[in-house]
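Worksheet: one structure, shown below.
There are 2 protein chains.
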Amino acid sequence: MANTNPNAPRLILACRRQPVDRTPVWMMRQAGRYLQEYRTVRSRVSFLDLCRTPDLAVEVSLQPYRLLGVDAVIMFSDILIPVMAMGVPIDFTEEGPRVSDPIRTETQVAALDVPDPDIETPFVLDIIRKLRRELNGAVPVIGFAGAPWTLATYIVANGKSAGVASAKSMMLHSPDLLHRLLEKLTLSVTGYLNGQIDAGAQVIQLFDTWAGELSPSDYEEFALRYERHVIEGLKRKGIPVILYVNGCAGILERMASSGADVLSIDWRLDLSDARRRVGNRVALQGNLDPQVLLGPRERVFQLARQTVRDGGGAGHILNLGHGILPNTPVENARAFVEATQGLST
Amino acid sequence: MANTNPNAPRLILACRRQPVDRTPVWMMRQAGRYLQEYRTVRSRVSFLDLCRTPDLAVEVSLQPYRLLGVDAVIMFSDILIPVMAMGVPIDFTEEGPRVSDPIRTETQVAALDVPDPDIETPFVLDIIRKLRRELNGAVPVIGFAGAPWTLATYIVANGKSAGVASAKSMMLHSPDLLHRLLEKLTLSVTGYLNGQIDAGAQVIQLFDTWAGELSPSDYEEFALRYERHVIEGLKRKGIPVILYVNGCAGILERMASSGADVLSIDWRLDLSDARRRVGNRVALQGNLDPQVLLGPRERVFQLARQTVRDGGGAGHILNLGHGILPNTPVENARAFVEATQGLST
């Protein structure tokens with residue numbers, strides 16, 4: 001796991017498009033159900049209690065590092081944690097989050113709090129502090145938040161799948177109301193991420209997962225604008241920001257103008273096409289289809305290896321194009337990670 | 346509805362990138378549940394019986410032309426009709442098609458028929474002949490089929506939503522078997538479309554709706570290759586072919602090499618970006634988000650108008666980026682169609 005420079009781990013170097021000894025690798029949702037060790041912890045507590053209990057969250061955050069040797073540890077949490085702190089009650093069910101009282105009126109938006117993370121979500125900051133102590137510089141700790149548009153898709157509807165349609169409906173019928181909601185989410189997310197940075201997060205990933213469902217002009221008005229505000233509002237101190245959008249092939253150049261250092265891309269576009277389109281303005285993260293990890297182990301290794309080659313070494317972080325699937329065999333996750341080894345950049 | 350040249354309706358001219366008096370318009374799934382007149386017919390028969398009864402299918406095919414003044418009539422049918430004729434039993438339920446015995450083995454693939462459309466699906470050819478007679482040249486009749494990859498996603502699983510994942514699983518674990526299935530589907534689709542051409546179809550649309558879920562290299566190997574074989578196998582006689590993929594932003598240039606005359610694109614990329622990328626090799630069709638048609642009428646008109654402007658006149662057919670939604674108000678469908686009027690190209 002040694003890096004050439006212990007003060008600048010290879011993940012950070014890759015974010016800055018600086019030379020690395022080999023391509024760094026981690027996986028979105030790497031602390032998750034595909035690991036037996038995760039399921040053991042999870043069997044004892046609810047999902048929400050796992051998020052809220054730093055010792056347990058730290059334990060599951062570290063599992064993929066200890067078991068698979070990934071190059072970064074992302075704190076275990078959920079993108080809806082800060083939204084709950086804003087005053088939106090959310091039930092975490094087996095089918096996903098449920099919002100009993102969706103945010104649809106001016107009154108509801110006005111009533112939302114902009115939480116102080118030290119007071120409302122201290123357990124998140126605790127997780128980061130403990131991860132920093134446990135890791136002691138071995139690999140960087142990634143903090144994260146959902147971007148305003150993506151958070152809005154969860155809270156304007158009462159169930160996950162209807163979210164994008166409901167948010168688009170608000171966009172068409174009450175665009176001003178949606179903008180006010182997005183502004184409030186922007187303030188909360190910015191404060192939440194700054195709390196994480198103060199607690200020791202070394203990289204920030206902003207998940208605008210559902211922004212790829214928008215037309216490019218709606219992406220600019222309802223997603224990109226707020227991604228920019230969040231990124232501009234961070235007390236950066238040189239901390240790299242990664243921006244993820246699922247289904248980003250139509251908006252890649254626009255994403256590159258967000259202020260993010262790294263674009264995390266899905267598998268529906270070629271990594272080499274993406275590189276050609278954004279040039280050296282940003283680093284790239286991705287982009288193997290998570291479903292590949294349900295295939296034969298040799299195929300996983302081969303395709304991950306090809307992704308490393310397509311990434312071209314400098315300015316590339318190997319990752320999946322979306323979160324790892326719960327039914328992924330752990331040996332395939334291991335093959336994915338191992339594909340970065342023995343290849344000089 | 347008059348065209349400048351009655352022998353070459355504006356839809357055909359647009360497919361050929363020739364000058365038109367105004368941008369032609371039609372909507373994917375334009376014969377459908379958003380029309381009260383469709384629901385009235387449908388309340389009397391099952392979906393499958395509607396597909397199989399030419400007089401009723403002709404009636405619903407013509408409704409959007411008579412009620413909204415679209416520039417083309419697409420035959421009412423379902424992409425799974427030729428698959429049933431291959432010997433795959435399919436139940437059309439309210440939740441979508443169900444395949445009781447998914448195609449997953451060599452034996453099952455070998456047992457699939459390559460149907461003769463004159464014998465196995467004569468009702469489809471009848472619909473086209475009757476539409477030609479009824480329309481008498483007023484607007485062209487569009488025939489269609491699902492492309493091999495997209496048809497495969499429906500028949501390797503027993504329910505619609507699991508289809509892409511199941512087809513990808515076969516791609517990883519049994520790629521040769523999947524290729525044999527795709528080859529057989531290619532033969533069937535080619536014969537089916539040639540039957541439609543012989544019956545009088547004036548334009549062909551090939552729906553590879555779920556090919557946008559593939560990585561670009563998998564798209565080339567498992568979708569594009571078979572789109573090409575189908576298109577090459579058509580007894581073209583100058584009949585334009587339109588290729589539709591949902592989520593096509595990452596593969597647009599590859600689609601342009603399929604042999605199709607027109608690419609039908611979704612809303613996740615700018616029409617003007619698409620034009621820049623494919624140049625004048627192909628015409629473009631699209632690309633308003635169907636969810637826009639659930640918004641206020643004025644907004645529908647305004648955004649459709651903008652799409653017509655972005656299309657730049659020559660070589661553009663106004664359409665949605667996916668099928669019209671069942672809960673679309675009919676006045677919004679009308680506004681969409683009317684947006685093409687009063688704008689010279």
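As given, the protein sequences belong to chains A and B, one line each in that order.
214 is the number that the numbering used here gives to position 214 of the first sequence; each next residue is one higher, with no gaps.
Count along the second sequence starting at 1, add 345, and that's the number in the numbering used here.
We treat Cβ as the ideally placed atom computed from N, Cα and C, and that holds for glycine.
With DSSP collapsed to three states, give me the class of I251 (chain A). For the purposes of this step, residue 251 (chain A) is taken as residue 251 along the first sequence, with counting starting at 1. In the structure shown, I251 (chain A) sits in coil (DSSP, three-state: anything other than H, G, I, E or B).
Roughly how many angstroms lie between the CA atoms of P175 (chain A) and G323 (chain A), to the nearest whole one? In the first sequence, counting from the first residue as 1, residue 175 (chain A) sits at position 175. In the first sequence, counting from the first residue as 1, residue 323 (chain A) sits at position 323. Their Cα atoms are separated by approximately 30 Å.
Where P351 (chain B) sits in the DSSP three-state scheme: Taking the first residue of the second sequence as position 1, residue 351 (chain B) is located at position 6. Because P351 (chain B) carries a pLDDT of 49, less than 50, the predicted location of this residue cannot be relied on, and no value is offered for it.
Is there at least one Cβ from chain B nearer than 8 Å to T4 (chain A)'s Cβ? Counting from 1 along the first sequence, the entry for residue 4 (chain A) is found at position 4. Confidence in T4 (chain A) is poor, its pLDDT being 44 and thus under 50, which makes the residue's placement unreliable; the coordinate value appears in the next sentence. No, no contact with chain B.
I need the straight-line Cα distance from D270 (chain A) to N246 (chain A), nearest angstrom please. In the first sequence, the residue the question calls residue 270 (chain A) occupies position 270. In the first sequence, the residue the question calls residue 246 (chain A) occupies position 246. One Cα belongs to D270 (chain A), the other to N246 (chain A), and the distance between them is close to 14 Å.
Please list the residues of the region 257–272 of chain A that have a C-beta atom closer than 8 Å to any C-beta atom in chain B, keeping them in chain order. W267, R268, L269 and D270
If we cut at 8 Å on Cβ distances, does V308 (chain A) have a partner in chain B? For this step, residue 308 (chain A) is matched to residue 308 along the first sequence. No, because no Cβ of chain B sits closer than 8 Å to the Cβ of V308 (chain A).
Grouping DSSP H, G and I as helix and E and B as strand, with all else coil, what is I584 (chain B)? Translated into the one-based positions of the second sequence, residue 584 (chain B) becomes position 239. In the structure shown, I584 (chain B) sits in coil (DSSP, three-state: anything other than H, G, I, E or B).
Residue range of the alpha helix (DSSP H) that H667 (chain B) falls in? Taking the first residue of the second sequence as position 1, residue 667 (chain B) is located at position 322. Where H667 (chain B) is concerned, there is no enclosing alpha helix (DSSP H), given that its DSSP letter is neither H nor E.
Other residues of its chain near R277 (chain A): CB distance less than 7 Å, five sequence neighbours each side excluded: As a position in the first sequence, residue 277 (chain A) is number 277, starting the count at 1. Within the same chain, R277 (chain A) has close Cβ partners L252 and E253.
Coil, strand or helix - P97 (chain A) by DSSP: For the purposes of this step, residue 97 (chain A) is taken as the residue at position 97 of the first sequence. In the structure shown, P97 (chain A) sits in a strand (DSSP, three-state: E or B).
On the three-state DSSP scale, how would you describe D176 (chain A)? One-based indexing of the first sequence puts residue 176 (chain A) at position 176. D176 (chain A): helix per DSSP, three-state reduction.
Determine, using beta carbons only, whether S603 (chain B) and R573 (chain B) come nearer to each other than 8 Å. In the second sequence, counting from the first residue as 1, residue 603 (chain B) sits at position 258. In the second sequence, counting from the first residue as 1, residue 573 (chain B) sits at position 228. It is a contact, given that the beta carbons lie within the stated cut-off.
Presumed contact (8 Å Cβ cut-off) between V534 (chain B) and P427 (chain B), rounded CB distance: To locate residue 534 (chain B), count along the second sequence from 1; it is residue 189. To locate residue 427 (chain B), count along the second sequence from 1; it is residue 82. So it is a contact: roughly 7 Å between Cβ atoms.
Please work out which residues of its chain come closer than 7 Å, Cβ to Cβ, to Q63 (chain A), disregarding the five sequence neighbours upstream and downstream, and give them in chain order. On the first sequence, position 63 is the one that residue 63 (chain A) refers to. The residues are A31, L35, E37 and Y38.
Residues that DSSP places opposite V262 (chain A) in a beta bridge: For this step, residue 262 (chain A) is matched to residue 262 along the first sequence. V262 (chain A) pairs with A:I242 and A:A283.
Against chain B: residues of the region 160–178 of chain A by CB proximity under 7 Å: A165, K168, S169, L172 and H173
Taking only the alpha-carbon atoms, compute the straight-line gap between G557 (chain B) and A490 (chain B) and give it to the nearest angstrom. Translated into positions along the second sequence, residue 557 (chain B) becomes position 212. Translated into positions along the second sequence, residue 490 (chain B) becomes position 145. Each residue's alpha carbon lies about 17 Å from the other.
Taking C-beta to C-beta, are F336 (chain A) and L284 (chain A) nearer than 8 Å? Numbered from its first residue, the first sequence carries residue 336 (chain A) at position 336. Numbered from its first residue, the first sequence carries residue 284 (chain A) at position 284. Against a cut-off of 8 Å, the Cβ pair of L284 (chain A) and F336 (chain A) comes out as no contact.
Segment contact flag, the region 657–668 of chain B with the region 362–375 of chain B, C-beta cutoff 8 Å, min 3 pairs: When C-beta atoms of the region 657–668 of chain B are compared with those of the region 362–375 of chain B, three or more pairs fall below 8 Å, so the two segments count as touching.
Cβ-based burial, N625 (chain B) [other Cβ within 10 Å; buried from 16]: If you number the second sequence from 1, residue 625 (chain B) lands on position 280. Result: exposed.
Span of the beta strand (DSSP E) around F144 (chain A): Start at 1 with the first residue of the first sequence, and residue 144 (chain A) comes out as number 144. Its beta strand (DSSP E) spans residues V141 to G146.
Whose Cβ in chain B lies nearer than 7 Å to the Cβ of Q291 (chain A)? Locating residue 291 (chain A) in the first sequence gives position 291, counting from the first residue. Under the 7 Å cutoff, chain B gives A510 and K513.
Cβ contact (3+ pairs, closer than 8 Å) linking the region 179–186 of chain A and the region 52–59 of chain A: no
What first and last residue would you give for the beta strand (DSSP E) that runs through V292 (chain A)? Position 292 of the first sequence holds residue 292 (chain A). No beta strand (DSSP E) contains V292 (chain A), which DSSP labels as neither H nor E.
How close, in whole Å, do the beta carbons of G656 (chain B) and T368 (chain B) come, if the pair is a contact with beta carbons under 8 Å? Within the second sequence, the letter at position 311 stands for residue 656 (chain B). Within the second sequence, the letter at position 23 stands for residue 368 (chain B). Right, the Cβ-Cβ distance comes to about 6 Å (below 8 Å), so this counts as a contact.
With a 10 Å radius around its C-beta and 16 neighbouring C-beta atoms as the bar for buried, classify A678 (chain B) as buried or exposed. For this step, residue 678 (chain B) is matched to residue 333 along the second sequence. So A678 (chain B) ends up on the buried side.
Along chain C, which residues have their Cβ under 9 Å away from the Cβ of G295 (chain A)? The structure shown contains no chain C; its protein chains are A and B.
DSSP state of V73 (chain A), grouped into three classes? As a working note, residue 73 (chain A) is residue 73 in the first sequence. DSSP places V73 (chain A) in strand when its eight states are reduced to three.
Quick one: grab the DSSP three-state call for V60 (chain A). As a working mapping, residue 60 (chain A) is identified with position 60 in the first sequence. Three-state result, V60 (chain A): helix.
If you measure between the beta carbons of A57 (chain A) and I127 (chain A), is that distance less than 8 Å? Working through the first sequence from its first residue, we reach residue 57 (chain A) at position 57. Working through the first sequence from its first residue, we reach residue 127 (chain A) at position 127. Yes.
Given L393 (chain B), which residues of its chain have a CB within under 6 Å of its CB, disregarding the five upstream and five downstream residues? As a first step, residue 393 (chain B) is located in the second sequence; it is residue number 48 there, counting from the start. Excluding sequence neighbours, L393 (chain B) sits near F437.
If contacts are defined as beta-carbon pairs under 8 Å, then I239 (chain A) and A260 (chain A) qualify, I think. What distance do you get, rounded to the angstrom? What you label residue 239 (chain A) is simply residue 239 of the first sequence in a count that begins at 1. What you label residue 260 (chain A) is simply residue 260 of the first sequence in a count that begins at 1. The beta-carbon distance between I239 (chain A) and A260 (chain A), rounded to whole angstroms, is 12 Å. This is too long to meet the 8 Å contact definition.
Let's test the definition: count the other Cβ atoms within 10 Å of the Cβ of S422 (chain B) and tell me whether it reaches 16, buried, or not, exposed. Mapped onto the second sequence, residue 422 (chain B) falls at position 77. S422 (chain B) should be labelled buried.
Taking the Cβ atom as the reference point for each residue, do A492 (chain B) and E465 (chain B) lie within a distance shorter than 8 Å? To locate residue 492 (chain B), count along the second sequence from 1; it is residue 147. To locate residue 465 (chain B), count along the second sequence from 1; it is residue 120. No, they are not a contact pair.
Residue nearest to S100 (chain A) in terms of C-alpha spacing, selected from A:I142, A:V109 and A:I155: In the first sequence, the residue the question calls residue 100 (chain A) occupies position 100. With distances taken between Cα atoms, S100 (chain A) lies closest to A:I155.
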